[in-house]
Amino acid sequence: MGSFQLTHLTFIGTNVPPASVDFGPEMTLVRGPSDTGKSFIVNAIDFLLGSGGLKEIPERSGYSDALLGLVLSSGESVTLQRSVRGARRIGLYHSDIRKGPVPAPDEWLAPKHGESSLSSYLLHELGLSGSRIRTNVNNATTSLSFRDIAHLTIVDESQMQAETPPALKGRYTTKTRELSVLKLLLQNEDDSGLEEVAPQQEVRKLSAAKVDVVDRIIGDVTERLDGAPDVDEAQTRLIRLSKSIEDQSASLQEWMKQQDLVASSRVRNQTRLRANKLRAAETSALSGRFTLLRSKYESDLARLDTIKEAGNLLGYFTNGVCVFCGAESEHQHKAVHHGETTHLDQSVRVEREKTSQLLDDLLLTLGDLERNQQGLQDEARRLQQEIERQAQILAELDKSLRPHEVGLSDLLAARSSLEQVIGLHDQVAKLRALRLQVATEVTTGVTDAVSGMDIRPINEFSQEIAKRLKAWGFPDWAHVRYDRTAQDIVSAEQLRSAHGKGVRSLLHAAFTVALAQYCFDRDLPHPGFIVLDSPLITYRAPDASETEGPDRNVATAFYNDLQHNFDGQVIIMENTDPLEELGEQTIDVQFTHLEGVGQYGFFPMTTD
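In this note's numbering, the protein residues as written are 41 to 648.
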């Protein structure tokens, strides 16, 4: 994830020397007595990052513009410029600007909202562009602003000591929004997937209307149950009816099985009868054709007999006096005609023998056909009688079955009626349950912001807070935890808000440092820097007196831990000096509030 670091804060104006403080990439300690501009630095950083107003202090007189140098995660140096009078626009320079007069900026940015805003620019650097956060219990969401994150990384002295939990700003109307931002940082999970629901007042009105509709439906269904048995009695009757139906059905099954056997046999007989009639028709047609052939054969035989008789009468087939010319046989031309008459006689005899044989064979075939046809007729009469007998059996079975079927039909109708009654009772029960649900209905799908946070990240965050406090020598570190319900740190079994301002300040610092390190360790979005105003000044050890000043051991451990065990940039404002020499990488800025001794304060000393 992206982040950025602060490099300097500079105020410029006409006829006044620049007021500036540099910030190191790791720890920067700005220390000195009161009224030297330490808290003003915190306020000015917040102002240049989009907050609403800049504190009015006398030292600010004559200064017109504030500059805040940044180094982005890409390594680019940029400068934010804003008029101390709270101009509605912030200038962006793609370079490091530390003195005036300043040229026209490379870009103009609005302080908070819109695509061309400082907030959008910074969120883009953090990889949080387009994120949405929840703003109320109805799941309304809005675009994330950098101002939603700023109070978790820039903590002024009032916030540090306040009884308000560190994640919150103390306004009830923005609590859901602020907890959604904390969830976003701890879980990298925004609220863009939430579906907005109606407010509770509208839900109650809608619920009342739903209850009225459900009551009407219940009334209609109850009216249909008028005179019907209650659900228990109906279920008892249904059990008895089901048993009767089962017995009746078993009895009918036997009758119907017998009926099916007879019906199947009747169908087979009808099929056989149709085949019989078809064969009989074919046999009759064949017999008719053979009868015609018999007539033909008999006609041929009669014709041949006629030819033979005529030939004998005319002497065609014997030797003697010619019937035509009266010539004696010896005077006839025998060489020419005798052979021809002999051949004709033989032909007639052969033809008659062949035709007689064919007729005999045909008569045998006709006899077979007649006997076959008679057999078919006998079978047809038998099949017809069997079919008629089976039809009578089926009619008798049907007559016997009818009363049983009527009885079963009545039982089924009674069961259907009881099932309908039971269904109506069930419908009434469901409607009454629905009425109860609707009457007590709240916005569905809505959880409070606290329950939207997962337990595991909260537990890991608690461990990070305890780890920091242990490193700082806080006496009750082992019993410190972050309470998800109260959204506050619990120490010694009491909320941070119930402790004194010294403990509240130290616990708030632990919250801010732990949140940043938690995000660094998991590569989660975080600006990359924190600013802490007076985290130690009011803390006293449990056995120390008010006159002893800040706890020396805790202060030393605090600075050592942040110099060696914090992966981001930390800028600290404190009134007291560190007890041990700070590391080489730490920027130590000391304001003396003394003329001619070191740096007077954030703003140079002026003379009247």
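All C-beta atoms, glycine included, are put in the ideal place defined by N, C-alpha and C.
- Using a Cβ distance threshold of 8 Å, E197 and Q609 do not count as a contacting pair.
- Short of 6 Å from the beta carbon of V461, and not among the five residues preceding or following it, lie these beta carbons of its own chain, in chain order: A268, A274.
- Residue range 609-614 is occupied by the beta strand (DSSP E) that includes I612.
- V468 is positioned such that its CB atom lies closer than 8 Å to that of T262.
- Burial of T181 is indicated by the presence of at least 16 other C-beta atoms within 10 angstroms of its C-beta.
- In this structure, S335 keeps its C-beta atom at 8 Å or more from the C-beta atom of L409.
- In the DSSP assignment, W148 falls within the unbroken beta strand (DSSP E) covering 147-149.
- Between Y103 and R125, the alpha-carbon positions lie close to 10 Å from each other.
- Put simply, of Q534, W517, F606, L572 the residue whose alpha carbon is nearest the alpha carbon of D561 is F606.
- In this structure, L423 sits near R312, with a CB-CB distance shorter than 8 Å.
- Secondary structure note for A59: its beta strand (DSSP E) is the uninterrupted segment 56-62.
- Rounded to the nearest angstrom, the Cβ distance from Y161 to L132 is 7 Å, consistent with a contact under 8 Å.
- Between K152 and R187, the gap from beta carbon to beta carbon is short of 8 Å.
- Distance from V61 to F642 at the Cβ level is roughly 6 Å; contact confirmed, criterion being Cβ atoms closer than 8 Å.
- In summary, K139 is exposed, with fewer than 16 beta-carbon neighbours lying within 10 Å of its beta-carbon over all protein chains present.
- Cβ contact annotation for G154 (same chain, cutoff 8 Å, sequence separation greater than five): S160, in chain order.
- When C-alpha distances from E235 are compared across N179, D272, F330, R244, the shortest belongs to N179.
- When the beta-carbon positions are compared, L184 and L163 come within less than 8 Å of each other.
- Under the DSSP assignment, T552 falls in the alpha helix (DSSP H) whose first and last residues are 541-561.
- Contact between I173 and D231 is confirmed by a C-beta separation of about 5 Å, below the 8 Å threshold.
- When rounded, the separation of the alpha-carbon atoms in D255 and Q201 is 57 Å.
- Inter-residue distance for R308 and G463 is about 48 Å (C-alpha atoms, whole angstroms).
- Cβ-Cβ distances below 8 Å link S156 to E147, W148, L149, A150 in the same chain, with the five nearest sequence neighbours on each side left out; the list follows chain order.
- In this structure, the alpha-carbon of R455 lies about 23 Å from that of D260.
- Residue environment for I279: exposed (fewer than 16 other C-beta atoms within 10 angstroms of its C-beta).
- Beta bridge pairing from DSSP links H48 with D62, G109.
- In the three-state DSSP reduction, G72 falls in the coil class, being neither helix nor strand.
- Within the same chain, Cβ atoms closer than 7 Å to the Cβ of K95 are found at F80, N83, the five residues on either side in sequence being excluded.
- Beta-bridge partners of S123 (DSSP): D105.
- A Cβ-Cβ contact shorter than 8 Å links A420 with K317.
- Setting aside the 5 residues that flank it on each side, L622 is surrounded in the same chain by D628, each with a C-beta closer than 6 Å to its C-beta; the list follows chain order.
- At least 8 Å separates the beta-carbon of K215 from that of F631.
- Of all C-beta pairs linking the segment 541-550 to the segment 571-585, three or more are shorter than 8 Å, placing the two stretches in contact.
- Taken atom to atom, the span from the alpha-carbon of V390 to that of S339 is near 16 Å.
- Contact annotation, L108 with L120: C-beta distance approximately 5 Å; criterion of less than 8 Å satisfied.
- Between F63 and L46 a beta carbon distance of about 5 Å is seen, short of the 8 Å cut, so the two are scored as contacting.
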